[in-house]
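Protein chains in written order, with full-length UniProt numbering: chain A, 1 to 356; chain B, 1 to 356; chain C, 1 to 356; chain D, 1 to 356.
Protein chains: 4
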Amino acid sequence: MATKKVGILGATGTVGQRFILLLADHPVFTIHALGASSRSAGKAYKDAVRWKQARPIPENVKDITVKSCDAELFKDCDVVFSGLDADVAGDIEMAMLKQDIAVFSNAKNYRRDPVVPLIVPTVNPDHFDLIPHQRSLHNLKKGFLVTNANCSTTGLVVPLKALQDAFGPISHIIVNTQQAISGAGYPGVPSLDILDNVVPHIGGEEEKMEWEVGKILGGVADDKKSFSLLENTVVSATCTRVPVLDGHLETVSVKFANGSPSLEQVNQVLEKYSSEAEKLQCHSAPEKPIVVTYDADRPQPRLDRENLKGQAVTVGRVRKCPVLDIKFVLLIHNTLLGAAGSSVLNAEIAVAKGLI
Amino acid sequence: MATKKVGILGATGTVGQRFILLLADHPVFTIHALGASSRSAGKAYKDAVRWKQARPIPENVKDITVKSCDAELFKDCDVVFSGLDADVAGDIEMAMLKQDIAVFSNAKNYRRDPVVPLIVPTVNPDHFDLIPHQRSLHNLKKGFLVTNANCSTTGLVVPLKALQDAFGPISHIIVNTQQAISGAGYPGVPSLDILDNVVPHIGGEEEKMEWEVGKILGGVADDKKSFSLLENTVVSATCTRVPVLDGHLETVSVKFANGSPSLEQVNQVLEKYSSEAEKLQCHSAPEKPIVVTYDADRPQPRLDRENLKGQAVTVGRVRKCPVLDIKFVLLIHNTLLGAAGSSVLNAEIAVAKGLI
Amino acid sequence: MATKKVGILGATGTVGQRFILLLADHPVFTIHALGASSRSAGKAYKDAVRWKQARPIPENVKDITVKSCDAELFKDCDVVFSGLDADVAGDIEMAMLKQDIAVFSNAKNYRRDPVVPLIVPTVNPDHFDLIPHQRSLHNLKKGFLVTNANCSTTGLVVPLKALQDAFGPISHIIVNTQQAISGAGYPGVPSLDILDNVVPHIGGEEEKMEWEVGKILGGVADDKKSFSLLENTVVSATCTRVPVLDGHLETVSVKFANGSPSLEQVNQVLEKYSSEAEKLQCHSAPEKPIVVTYDADRPQPRLDRENLKGQAVTVGRVRKCPVLDIKFVLLIHNTLLGAAGSSVLNAEIAVAKGLI
Amino acid sequence: MATKKVGILGATGTVGQRFILLLADHPVFTIHALGASSRSAGKAYKDAVRWKQARPIPENVKDITVKSCDAELFKDCDVVFSGLDADVAGDIEMAMLKQDIAVFSNAKNYRRDPVVPLIVPTVNPDHFDLIPHQRSLHNLKKGFLVTNANCSTTGLVVPLKALQDAFGPISHIIVNTQQAISGAGYPGVPSLDILDNVVPHIGGEEEKMEWEVGKILGGVADDKKSFSLLENTVVSATCTRVPVLDGHLETVSVKFANGSPSLEQVNQVLEKYSSEAEKLQCHSAPEKPIVVTYDADRPQPRLDRENLKGQAVTVGRVRKCPVLDIKFVLLIHNTLLGAAGSSVLNAEIAVAKGLI
C-alpha cells in the first residue's frame, strides 16, 4: 500500500516535535510538509526549531524546508496533523479542510462543533460515523476534520469508558489533576513559577474537562448526523500544575447511577477493557488501553508515563470512596496519548476504516 | 511573669528543629532541655543535629547538651514539646505525662485516645476543657497530654470550622492533597523518588485525615469528660507527595447538610473568621486564622506558605462545585501551623487559660 | 536627618521587586516614585506587577501609581535605583543622570565606562573617589552614576579582595558558576529548559566575569580621574544555570603571583576581612563581608543564601589546588548582594560619604 | 556461538537495575543468576527489588530467585557483573575471582590494585593485556578481575584520551563536576538536601578523579606485568551534586605539555576519535565514543544523556581558556557509560579478545 502524505502544522512547537518523532519512521504515513509561523517559513527544520526532545531530530526531517501554514501549500497532503495554538488554529484548520484534506487537530477550537467528532482513539472511534454527514455539509470528497480531546480529559475518559460500558452511567465525577509543564508548550511555564511550587490553576482547563467528557462518552445519533451529549453526568474538575516534565496525574472519585460495583469488579473491568484501535491492528495502538497497577504508590509520572509507549492510561489505587462510590488514580502521557499520539492513532483508525 | 521551662523531644529531627527556631527567643517559654535518641545524648546540640533550616542554629541553643528522652531527666520542665516519631512517642510521652509535665505531642499515638484532646489551636481550643478530667484519671496536678492534628488535617479543619460555624454541618468532604517533602522528615523522601515526579500515596495519611476531622470539629460533652465525634460528616481523602519543600496544598469540595451558601457568603465567612487564640493575645497566634486570596492562581506553596508567619491557612479559588456544593484550594505550612507551630500555640493557649 | 527620596526604575521586574522589599521600610531612603514600561504606567503598583516574592507587597507601596521611566518625572528624586534591562537602561539612566540625580544601576551598559565606578560595596567603595571628576565632566552638582557588578562577579571579588589585600596579586583565576534561575528575571528561564537539567551557558556572563574583576580589584589613579585595571590577572570563567531559585554557587581556583599562603592563612584572612561599609555603619552592611564555613558540604544555596541577610558571601572548602594554588567554593545571594542589595548599600555608602 | 552465563551482584541496586536492562536481551550474555543481600535472598527478583527505572522489569527476569552473594552459588557463571557497594565488594569480588570467574566490578576497591586493570572501554581496552599476568598470580584459568572507573572519571578520560593521542601529554587539568543524584544510589540523596539546592561535596569523589586519570591514560609496561601511571599530569577536581536525575556534566580546562592546538584541531580530533570497541564491533559500543556539539548551550543532561544509547560522551563549548589552554564542557550518562554500560562493554571486548 502506498503511504499517505502528511503535513504537520505547528511543527516547531512541543506537540509538533512529538508528531515529528512519531511520524518520521511510520509505516503508513510519510512526512511531506512542515508548517509553522511565517518567522520559521523558508528555513530548514533544524534551523527553525528549538528542539527539546531527548531523542535527536530524525535525519530525514532535519533539512525539510518549513512552510507557512497556507492551505494552498498543503493541498497535496492526504492528511494534516495540527499542533497549532488555539489563537490561529481555527482559520488555518478550516482552510485546510476546504482543500479536501483530512485534518486532525489538537486545538480546542472545533471540539464543541456539533458536526466535528471529538475522538479519543481508545474510547470513541465510532464517532467517525459522522464524517459522511460532515463531508456532505462541507461538500468534500476526501477531507474531514476531527479533533483530539484535551490531554487531561483524554486520561480521564479511558477508564470512565471501561466503567460505563460495564456498569452503566456514571452520574458524578470529581477529578483533581496534577499536570506536567510540557502541557503548556515552550517557553510555557516560567521556572520561577514552578520550581519548589504548585500552581493551582490552568486557564480554561477545568471548563474543558467538565464539558468534553459528556461529548466523548455520549453516543452518535441513529441518523449519524449529530452527537448525543451525556445529560446526567456531572463533572467537577480542579486542575493544578506541578514540577513534572511529562505525565498528568489525576485523582478521581466517581458515583455510578445504578449502584457501585465492587473493587474487584472495577479492577477486572479495567484490566479487560479493549478498544477498536487494537482490533483494527493500528500501528500506534497500545497492546491494551489501560495498564492496571496494584502497587500502593503507583502510578507515578516518571515511572509510568512511558507504559506501552505512552499510548496507554495507567490506573491504580482503586478503592472505595466514602463520599461517592469508587476512587482511583490515573496517569496519562500528556504529549503522547494526550496529544500527538491520539492524533496519529485517530488517523490510523481512519485509514483502517477507509476514510483516508 | 517567670517564663516556663520547656523541653523538646526529638530535638534533632525536622519538627524538633522548627521547635528550636520558634522557642529560642520566646517571651513565655525558655528552652531548658533537649531530648533525642541515645546516639545523640551527651553531645552538644550543634554536634548532634544535621541542621537543615535556612536560618542558623540559635546561639543560645548550640551548646546545650542533648539528653536521652528519659522522663526523669525532664522532670523540672513545665512543658514538653514532642516531635518524636510514632514508633517511640507512645511510651516516652506517657512517661513524661506521669512526671506531671504538660506534654504537647505531634505524634499520632494518642490522637484517638478518648480523653486526649486533639487540638488545632485556631479551631478547637475549647477541647482543653477535658484536661481536668484527664488529670483526675491520671492522678496528676499539673501535667496533661494534648496532641496536634496531622499536618494535612490541620489545614483542612481551619476553613471547615469557619464554614461549619456559619452554615451548619458539612455532610461530605472530598479532599486531595499535594504534600511537601519536609512532611516526611529527614532523610525522608529519596530524591530519586520525587524529582520530576509525584508519588500518589503517603502511608496512613488518608486514614488520619478521614478520621481526625470528626474529632476536631466535634464538640466536648456537657460533663467535659468525653468528645462528641461528628457522626454525619464523611471525608474522602487522597494524599500525594510533590517536589515542594514546605507547604501542603489541598483541593477541597464540600457539601453542606442545610444547603449551600453563596460564594460571596463563603468568602465573607472565611475572611471574618477569628479564633480564641487571637482573642487571648497569644504570642504565636496569627493576626487571623485564614488569609483569603482572590487571585486566580493562588494559593501557591512557595509564595503563600509564610503568610502570617506560617500560622494562617491561605484559602483561594472559592467556587461552585458541580458535584457537591463548594470547592476551594487551601495551603498550610506543614512544619509551622501543621506541626511545631500548632504545638507552641496550643501551649500558649494553655498558659493563657491557666492550665500551665 | 531627613530621608532621601528615591525612585525605582524597572520596579515591576525581579530586581525591582527586591528593591521594593529593601526600601519599603528603610531608615535613610523613602520610596517616592516607581518607574516601569509604558504598559505599566498609570496603574497602581499592585496591579502592574506580577509579584513573585515570598513576602507580600509592602502596604505603603501597593497603591503607588507607576510612571513611565521619563527622567522629567523623577527629577524630584535624590536617588534613582535602576533594575532596568540592558536594552533600555543606557538611554534612561543617562537621562536620569542629566537631571542631576544620583543613579545606581544594575545594568551592564556603563560598567566599562572609564569614568563610571563599578562598585561592589564590601570591596571597592573607594572608587567613589572618581565622582567629583565624573560630575565635572557632566557639569552636575548632585547627580552621578555608579553601577553594580554582575551578580557572579560580585560573589567572586569579595573573597578575592580579602586575599589580594593579604597576599598580594592573584595572577590566575579559574571559576565555574552554578547560577540560580532568578538571575534571568521573569519569565526568564523556561521550566522545560531547567527541570532535571543544567544549561551550561549564560549569554555574555563569562565575558563579564573575565573583565569586571580587573576593574573592581584595580585601583583609582592618583589624580582620581581614572581607574587602573589589573593587568596581570587572568580570569577564566565557565557559567552554568541550575534548577535553584536563588543563590549562585561558584567553585574557584586561584594562583598567587607571590607564592601560595597556607590554608590556615587563607581561612584566617577570609574570617577577618572587613570593609568600609561596616565601618561607616551603613544600615544594609553585613556584620562582616564573608562568612567562612568549615563544614565539608557547605556552602549550599538553600541553606546559606540568607546568611547575614543575603549581604555576605559564604566561603567554604578552602583547600589546596593541585594545578593552581588554592581552591574554594563560594555562595552569593544573586538578587540581594548580587543585585539590589549592592545598589542599596552603595547608596548608603554614598550618603555616609556625603555624596548624596 | 553459545551465549555466556552471567551473574549480577547487587542486582537490586540502581547499578544492578541498569545491568538487568542492558543484559535482559543481550546477544552474547544470558542472565543466569542474581545476587543481593541476604535480606533479598530467596525472593523472586520482582519482590526483592524497588524498581526505579522508567522501563518495566524485563519479563524474563521478574521471577528469577535472588541468591545471596556467595561465590559458591555463582560458580557456573562465566561472567559476574558487580554493582556492589564498596563496603562489601572487596571480599565478595575476590571470592568470585577465586572461583575462576571473569569479574567486572563497579566498586572502587580494586581500582588501585597494581595488577587489576581499570578500564574505560572506549579509552584503554589495551589494559586487558595484563590479564595473563593477573591470572598467573592468582593461579586461574578463566577468571580475572577488571574494574570500571568512577563515573565522573569515565566522562573525563574519553575526550582526554583523544586529545592526548593527537597532541601529546596533558600536563594540567582542572575539572568541575555537576553530578546527577542517581550516582548516589537508592535511597541515596535525600530530597530535602537537593531540591532548590546544590551540594558542593561528594565524599571521596575528587580524590578518585584526581588519581584514576593517571592510571587509565597511562600505559601498560612492556612486560605486561604492570601499569605505567602518568607522572606529569596533575588533576584538580571539584565535585558537586545537582538536582538532575541522570547525567554528569563536567566543565574542564586543560593545558598541553607541548603547546596548545587550535580550537578547530581540538574539535576535529574529538569528532574523529575512535576506539577499539567499535572496531571489534562490540554490541554495546557506541557508533563513536564522542559526540561533538556546536550549539552554544549544549551538552545538557536532559537532552544529551541518551546520545548513542548513553554510551558516548558528548562534548561541546570547546574554546580557549585564558588560564590554561583549552576549556570545554562534557556530559556522560553516569549509570550507562559511567557504570553498568562500561562493565558490559568491557565484557564484550573481553569476549572479542578471547579472554572469556
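Just so it is clear, CB atoms sit at the ideal spot from N, CA and C, and this is done for glycine as well.
The bridge partners DSSP lists for residue 241(C) are 179(C), 199(C).
Contact residues of the region 187-200 of chain B toward chain D are 187, 188, 189, 190, 191, 192, 193, 194, 195, 196 (C-beta to C-beta distance below 8 Å). Interface with chain C (8 Å Cβ-Cβ cutoff): residue 132(A) is excluded.
Residue-level contact by beta carbon holds for residue 245(C) and chain A, with a gap shorter than 8 Å. Beyond the five residues adjoining it in sequence on each side, residue 233(A) comes within less than 8 Å, by CB distance, of 169, 170, 171, 172, 173, 213, 214, 217 in the same chain, given in chain order.
Scanning the UniProt domain "Semialdehyde dehydrogenase NAD-binding" (5-131) of chain B from its first residue to its last, the whole beta strand (DSSP E) runs of 3-plus residues come out as 29-36, 79-82, 102-105. Counted as a single uninterrupted DSSP element, the beta strand (DSSP E) harbouring residue 326(C) occupies residues 326-332. Per DSSP, the unbroken beta strand (DSSP E) holding residue 253(B) starts and ends at 248-256. Spatial neighbours of residue 66(C) in its own chain (CB-CB distance under 8 Å, excluding positions within 5 residues in sequence) are listed in chain order as 11, 12, 34, 35, 36, 40, 41, 42, 43, 44, 45, 48.
Of 307(D), 300(D), 209(D), 68(D), the smallest CA-CA separation from residue 193(C) is found for 300(D). For residue 174(C), the C-beta contacts it makes with chain D under 7 Å involve 174, 253, 323, in order along the chain. Burial of residue 307(C) is indicated by the presence of at least 16 other C-beta atoms within 10 angstroms of its C-beta.
Close partners of residue 306(B) in chain C (Cβ separation under 8 Å): 54, 55. Around residue 32(A), the same chain offers 5, 6, 7, 76, 77 as residues with beta carbons nearer than 8 Å, after the five sequence neighbours per side are excluded. Nearest Cα to residue 115(A) within the set 342(A), 16(A), 19(A), 219(A): 219(A). Contact annotation for residue 182(B) against chain D: 192 [CB-CB distance below 7 Å, chain order].
Inside the region 274-339 of chain A, DSSP marks whole alpha helix (DSSP H) runs of 4 or more residues at positions 276-279, 301-304, from first to last along the chain.
Taking the Cβ atoms as the reference, residue 329(A) lies roughly 21 Å from residue 341(A), outside the contact range of under 8 Å. Between residue 20(B) and the set 133(B), 277(B), 62(B), 3(B), the nearest pair of CA atoms involves 62(B). In the structure shown, the three-state DSSP call for residue 185(C) is coil. Boundaries of the alpha helix (DSSP H) around residue 154(D): 151-167.
Interface residue (Cβ-Cβ distance to chain D less than 8 Å): residue 249(C) is classified as such. Put simply, the CB of residue 240(A) is near chain B, with a gap under 8 Å to one of its CB atoms. Taking all protein chains shown into account, residue 343(C) has 16 or more neighbouring C-beta atoms within 10 Å of its C-beta and is therefore buried. In the three-state scheme derived from DSSP, where H, G and I count as helix and E and B as strand, residue 219(D) is classed as strand.
Residue 156(D) and residue 186(B) have their alpha carbons spaced roughly 34 Å apart. Proximity of chain B to residue 302(C) at the Cβ level (cut-off 7 Å) is accounted for by 54, in chain order. Boundaries of the alpha helix (DSSP H) around residue 263(B): 263-272.
The region 135-151 of chain A and the region 102-116 of chain A touch, with no fewer than 3 CB-CB distances between them shorter than 8 Å.
Of the residues 102(B), 253(B), 250(B), the one whose Cα lies closest to the Cα of residue 132(B) is 102(B).
Of the candidates 310(B), 353(B), 229(B), 353(B) places its Cα closest to the Cα of residue 281(B). Its Cα nearest to that of residue 246(B), the residue 339(B) stands out among 339(B), 140(B), 90(B), 318(B). With at least 16 other beta carbons inside 10 angstroms of its own, residue 208(B) counts as buried.
Residue 356(D) sits in coil when the DSSP states are folded into three classes, being neither helix nor strand. For residue 253(C), the closest of 314(C), 332(C), 237(C) by C-alpha to C-alpha distance is 237(C). A check of alpha carbon separations from residue 267(B) across 290(B), 275(B), 129(B) identifies 290(B) as the nearest.
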